[in-house]
Amino acid sequence: MWLQIAIFIVLLILPFIVPTFYVYVLALIFITALLAMSLNLVLGYGGMFQFHHGVFYGMGAYTAALMLTKTSLPAWIGFVAGPIVAAVLGLVMGWLCVRLTRIYYGMLQLSLGSLVWAIVFRWYDFTGGDDGIHGIPMPSILSSLNSSYYFALIISVICLIVLYLIVKSPFGSTLQAIRDNSGRCAAVGVNVKRHQLIALVIATFFAGVAGILFVVLEHSVFPDLLFWTLSLEVLIMCLLGGWFTFMGPALGAAMVVLLRTFIGIYTEYWTLILGAMLILLIFFLPEGVMGYLLNRLKPPVTEVGQRGSK
Amino acid sequence: MDFLPDIGLATLGFQFSVGLSRAMILFIVTAGLSLILGVLKVPNVAHGSFYMIGAFMAFTVATFFGGAIGFWLALILAPLGVALVSLIVERGLLCRLYDREHLMLLLFTFALMLIFGDLVKLTWGTEYKSVAAPGIFSGSLPVFGLPFPRYNLFLLIIGALVGVGLWFLVNKTKMGKISRAAVVDREMVSAVGINVSRVLATVFVIGGWLAGLGGALIAPTVSVALGMDHTILIEAFLIVTIGGLGNMWGALLGSLIFGVTHCFGVLLWPQFAIVFPYAAVVVVLIIRPTGLLRPTAW
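Pasting the structure below:
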């Protein structure tokens with residue numbers, strides 16, 4: 012607990028000591044980590060095959076972007092509308108998808124999400140089409156990089172705390188029980204589908220929050236945010252960092268963003284390096300990076316026999 | 036808003052031929068994915084990369100030899116090149132991962148897609164490439180009084196040949212029989228003394244060859260460019276799902292639905308043409324989530 016607070020204080024003072032580029036990268040990590048953690052609520056804790064989580068991220072971002080550019084409403088309404096729209100989309104898509112299990116849930120979600128992408132991609136007049144929307148105006152308190160950094164940091168931390176509380180609550184425990192044995196849960200009276208739908212709405216809400224944070228940082232949106240490759244990338248972040256721990260996906264997100272940024276400085280072929288590292292990881296660290304670290308760091312377990320003989 | 040523009044019969048015929056021929060290429064590529072998904076149980080995200088590599092290899096062969104002979108050689112050599120790549124991938128890496136969970140295989144093929152994407156960029160650069168179809172394919176033939184581009188007719192023939200060939204392979208050859216058994220119970224197949232690993236490798240290579248063939252076939256009709264792998268992959272996966280995972284006829288049915296709805300889209304609302312097939316997929320999956328035809332065990 013004190014470690015987390017110490018890290019938080021360090022992150023607070025970082026913009027004053029590190030160059031602006033690192034501030035930008037860190038803000039991007041916060042946003043991506045929040046997105047990955049929101050996915051993990053349904054993926055790791057819920058056991059649902061969430062193949063197109065990025066749609067909700069993109070919808071949150073586009074909602075904020077459209078409200079900030081097309082309406083003269085105050086910015087904060089756009090920021091609040093983003094996650095709400097994402098959650099509503101999550102409710103609608105979820106209602107169609109949670110009837111199904113495993114891969115069929117994922118495939119229907121993938122098709123619905125692709126439909127959303129196709130519409131946004133082609134609706135040039137409204138959404139900017141394949142160009143996206145650029146130069147989105149921000150209120151003056153948020154327009155600088157440092158202020159968007161702090162905004163992203165504070166909002167992400169709040170969301171992470173809320174997610175943690177949800178995971179540790181009875182709701183979270185039931186969700187994990189559903190993941191492990193949904194038949195048994197149904198047998199003891201749990202409404203499995205309703206539970207999964209609620210978890211999905213929560214997860215998509217936080218994905219929408221990550222979306223509006225993206226808009227605050229980048230001042231633009233692109234249809235790529237809604238494309239299947241980003242969704243798969245976020246899924247990979249969760250697998251990479253370890254989907255069975257709370258902070259694992261955040262670690263995975265940080266790794267991918269850092270790799271992309273710093274390898275990208277040296278070569279334009281950073282995707283090749285990322286792919287190669289993923290393959291190395293698959294062969295040598297099947298538990299994900301977090302799993303490997305946990306195995307190494309936890310104290311060795313004494314055998315029962317040894318304990319008895321002492 | 037370009038809704039319902041004037042549709043002449045000639046335009047209708049032309050678009051329908053485009054839709055059908057596009058469906059044929061989708062079928063060839065998707066059949067390969069369906070094979071790999073059904074027999075190997077691998078969600079091959081790199082399938083789009085095989086397709087793209089096939090298209091780029093076709094460009095290289097066609098430009099190297101030039102003229103009509105270049106095109107025909109490309110059609111033969113490019114899929115073989117992709118088959119070789121898939122053989123190396125399977126024997127080198129994939130065969131060691133068969134006992135892992137599906138998400139790990141997904142991660143692996145995703146990593147492959149990243150690697151191949153950059154390798155293609157390294158080898159061929161970022162500019163668009165184009166391949167010219169041989170002269171005999173220019174112009175159209177009248178079919179039922181409507182002009183049908185010759186190349187699209189050619190694609191229809193190739194698609195039919197591939198379909199027949201695959202049906203023969205799966206149903207009439209020993210390898211096909213073993214593959215079908217491996218779908219149901221892979222352990223049992225090796226328990227009765229059959230070298231399952233060799234069969235799996237062959238199926239993966241055939242799947243790769245099919246993707247490469249699809250890429251080589253589409254090369255004359257589109258700009259060969261980076262990003263082809265991403266667009267074809269989501270289409271192929273959705274088609275495989277609406278057809279029934281692992282079902283070859285399902286791949287054909289799904290491809291026809293996709294191709295024909297797309298051409299209707301072009302006729303009715305050109306700006307949102309691609310929305311039509313995606314909407315059709317959504318409708319099918321809501322009504323029949325496991326696909327229209329029977330999927331293999333997954």
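Heads up: the sequence lines are chains X and W, in that order. Each number in this note's numbering comes from the position in the first sequence (counting from 1) with 11 added on. Each number in this note's numbering comes from the position in the second sequence (counting from 1) with 35 added on. Glycine residues also receive a C-beta, built at the ideal position from the N, C-alpha and C atoms. On a predicted model such as this, the values are computed, not experimentally measured, just so you know.
Could you tell me how far apart the beta carbons of W/Ser290 and W/Leu191 are, in whole angstroms, since I believe they sit closer than 8 angstroms?
Incorrect: roughly 12 angstroms between the Cβ atoms, too far for contact.
Within its chain, find whatever has a CB closer than 6 angstroms to the CB of W/Val349; leave out the 5 residues flanking it on each side and keep chain order.
No information on residue 349 of chain W is available, as it lies outside the stretch 36 to 333 that chain W covers here.
What residues of chain X sit near W/His297, judged by a beta carbon separation below 7 angstroms?
The contacting residues do not exist; W/His297 stays about 11 angstroms from chain X at best.
List the residues of chain W whose Cβ lies closer than 7 angstroms to the Cβ of X/Ile274, in chain order.
None at all; the shortest Cβ gap to chain W is about 11 angstroms.
Rank X/Ser155, X/Leu52 and X/Tyr135 by C-alpha distance to the C-alpha of W/Gln306 and give the top, closest one.
Here the closest residue by C-alpha is X/Tyr135.
The segment 295–319 of chain W: which residues have C-beta closer than 7 angstroms to a C-beta of chain X, in chain order?
Listed in sequence order: Gln306, Phe307, Ile309, Val310, Tyr313, Ala314, Val316 and Val317.
According to DSSP, is X/Val315 part of a helix, a strand, or is it coil?
Low per-residue confidence applies at X/Val315: pLDDT is 49, beneath 50, and the placement is therefore not dependable, though the value from the model is reported in the following sentence. Reduced to three states, the DSSP call for X/Val315 is helix.
Within 10 angstroms of its Cβ, does W/Thr144 collect 16 or more other Cβ (buried), or is it exposed?
Looking at its Cβ environment, which holds 16 or more other Cβ atoms inside 10 Å, W/Thr144 is buried.
Going straight from the alpha carbon of W/Thr208 to that of X/Met48, what length do you get?
Whole-angstrom Cα-Cα distance: 49 angstroms.
For W/Gly247, would you say it is in contact with chain X, using Cβ-to-Cβ distances shorter than 8 angstroms as the test?
W/Gly247 does not count as touching chain X.
Would you please verify whether the beta carbon of X/Thr11 is less than 8 angstroms from any beta carbon of chain W?
This structure cannot speak to residue 11 of chain X, because chain X is shown only from 12 to 321.
Whole angstroms is fine: what's the gap from X/Gly222's alpha carbon to X/Ala72's?
Straight-line Cα distance between these residues: approximately 4 angstroms.
Here's the rule I'm using: 16 or more other beta-carbon atoms within 10 Å means buried, otherwise exposed. How should W/Met87 be labelled?
By the 10 Å Cβ count, W/Met87 comes out buried.
X/Gly58: which of X/Gly275, X/Trp281, X/Leu292 and X/Trp254 sits nearest, CA to CA?
X/Gly58 has its Cα closest to that of X/Trp254, out of X/Gly275, X/Trp281, X/Leu292 and X/Trp254.
Between the alpha carbons of X/Ser184 and X/Tyr116, how many angstroms are there, rounded?
Using only the alpha carbons, I get a separation of about 22 angstroms.
In angstroms with no decimal places, state the Cα-to-Cα distance between X/Tyr56 and X/Ala188.
Spanning the two alpha carbons is a distance of roughly 9 angstroms.
Let me know the alpha helix (DSSP H) ranges lying completely inside the segment 231–305 of chain X, each 4 residues or longer, listed in chain order.
Taking only runs of at least 4 residues, the alpha helix (DSSP H) segments lying wholly in the segment 231–305 of chain X are 239–252, 259–277 and 281–295.
Note down the Cα distance separating X/Phe27 from X/Val168, rounded to an integer number of angstroms.
One C-alpha to the other measures close to 20 angstroms.
For X/Lys81, is the classification buried or exposed, using 16 other Cβ atoms within 10 angstroms of its Cβ as the cut-off for buried?
Classification of X/Lys81: exposed, given that the 10 Å Cβ count is below 16.
Taking buried to mean at least 16 other C-beta atoms within 10 Å of its own C-beta, is X/Ala44 buried or exposed?
Classification of X/Ala44: buried, given that the 10 Å Cβ count is 16 or more.
Determine which residues of the segment 97–125 of chain X have a Cβ less than 8 angstroms from any Cβ of chain W, and write them out in chain order.
For the segment 97–125 of chain X, which is checked against every Cβ of chain W, the residues closer than 8 angstroms are Leu107, Arg110, Leu111, Ile114, Tyr115, Met118, Leu119, Leu121, Ser122, Leu123 and Ser125.
Looking at C-alpha atoms only, which residue of X/Phe90, X/Leu54 and X/Trp13 is the closest neighbour of X/Val220?
Selected option, being the one with the closest Cα: X/Phe90.
Excluding the 5 residues flanking X/Thr313 on each side, which residues of the same chain have their C-beta closer than 6 angstroms to its C-beta?
Note on X/Thr313: pLDDT 48, under 50, position unreliable in the model; no value is reported.
Using Cβ-Cβ distances below 8 angstroms, what residues of the segment 79–101 of chain W are close to chain X?
If the cut-off is 8 angstroms between Cβ atoms, the segment 79–101 of chain W has Val80 near chain X.
Answer yes or no: does any C-beta atom of chain W fall closer than 8 angstroms to that of X/Arg133?
Interface residue, yes.
Could you tell me which residues DSSP pairs with W/Phe183 in its beta bridges?
W/Phe183 is bridged to W/Leu176.
Please name the residues in the segment 198–215 of chain W whose beta-carbon is closer than 9 angstroms to at least one beta-carbon of chain X, in chain order.
Going along the segment 198–215 of chain W in chain order, one finds no residue with a Cβ nearer than 9 angstroms to chain X.
Count the other CB atoms within 10 Å of the CB of X/His63; is the residue buried (16 or more) or exposed (fewer)?
Counting Cβ neighbours within 10 Å, X/His63 comes out buried, since at least 16 surround it.
If you run the structure through DSSP and keep just helix, strand and coil, what is W/Lys76?
Coil, per DSSP.
Strictly below 7 angstroms CB to CB, what residues from chain X border W/Pro324?
Within 7 angstroms Cβ-Cβ: Leu111, Tyr115 and Leu119.
Does the beta carbon of W/Thr34 come closer than 8 angstroms to any beta carbon on chain X?
Here chain W comprises residues numbered 36 to 333, so residue 34 of chain W is not present and cannot be evaluated.
By the criterion of Cβ-Cβ separation under 7 angstroms, what are the contact partners of X/Gly58 in chain W?
Residues of chain W passing the Cβ test: none, with the nearest at roughly 11 angstroms.
Could you give the first and the last residue of the continuous alpha helix (DSSP H) run that contains X/Ile172?
Unbroken alpha helix (DSSP H) run through X/Ile172: Leu156 to Lys179.
Excluding the five sequence neighbours on either side, which residues of its own chain have a C-beta within less than 6 angstroms of the C-beta of W/Leu235, listed in chain order?
These residues qualify, in order along the chain: Leu75.
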